[in-house]
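Asks:
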Amino acid sequence: MTGQSPAELLEFARNYSCGHCDGDTVELTKSEGNAWSARFRHNDDCPIIAGAISSIPDKVRALPEGSQYREES
Ligand SMILES: [Zn+2]
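Letter by letter, the sequence shown follows residues 111 to 183 in this note's numbering.
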């Protein structure tokens, strides 16, 4: 997830939980252009890691109120 403010991403990080593994770490990173990104660390055997399942529903559920899901591909 990219482009939200750090405060939004922190709230997202608190809210986010994977429905498919028990990973619990969200890394916030700042890229060039001062855009913050949040990346959730799934367990290695999580189906989201394998690409079998989309993580977007879990992400959308974790969004702070009024925030929109955006991601650079
Ligand atoms: Zn997972």
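No residue lacks a Cβ here, since even glycine has one placed at the ideal position from N, Cα and C. The model shown is predicted, which means the values in this text are computed figures rather than measured ones.
Report all residues from its chain with a CB closer than 7 angstroms to the CB of E121; omit the five preceding and five following residues, and keep chain order.
Replies: So the list reads P174, once near-sequence residues are dropped.
Asks: Mind checking which residues open and close the alpha helix (DSSP H) that includes E121?
Replies: E121 -> alpha helix (DSSP H) spans 116–125.
Asks: Ignore the nearest five residues each way along the sequence and tell me which others in Y179's own chain have a CB closer than 8 angstroms to its CB.
Replies: Here the set comprises M111, I166, K169, V170, L173.
Asks: What residue does the alpha helix (DSSP H) around A172 start on, and which one ends it?
Replies: Start and end: 166–172.
Asks: With a CB to CB cut of under 7 angstroms and the five nearest residues on each side skipped, what residues in its chain are close to H152?
Replies: Taken in chain order, the residues that qualify are C128, C131, G133, I158, I159.
Asks: Cα separation between Q114 and T135?
Replies: Cα to Cα, the separation comes out at about 18 angstroms.
Asks: Helix, strand or coil for E142, going by three-state DSSP, please let me know.
Replies: Three-state result, E142: helix.
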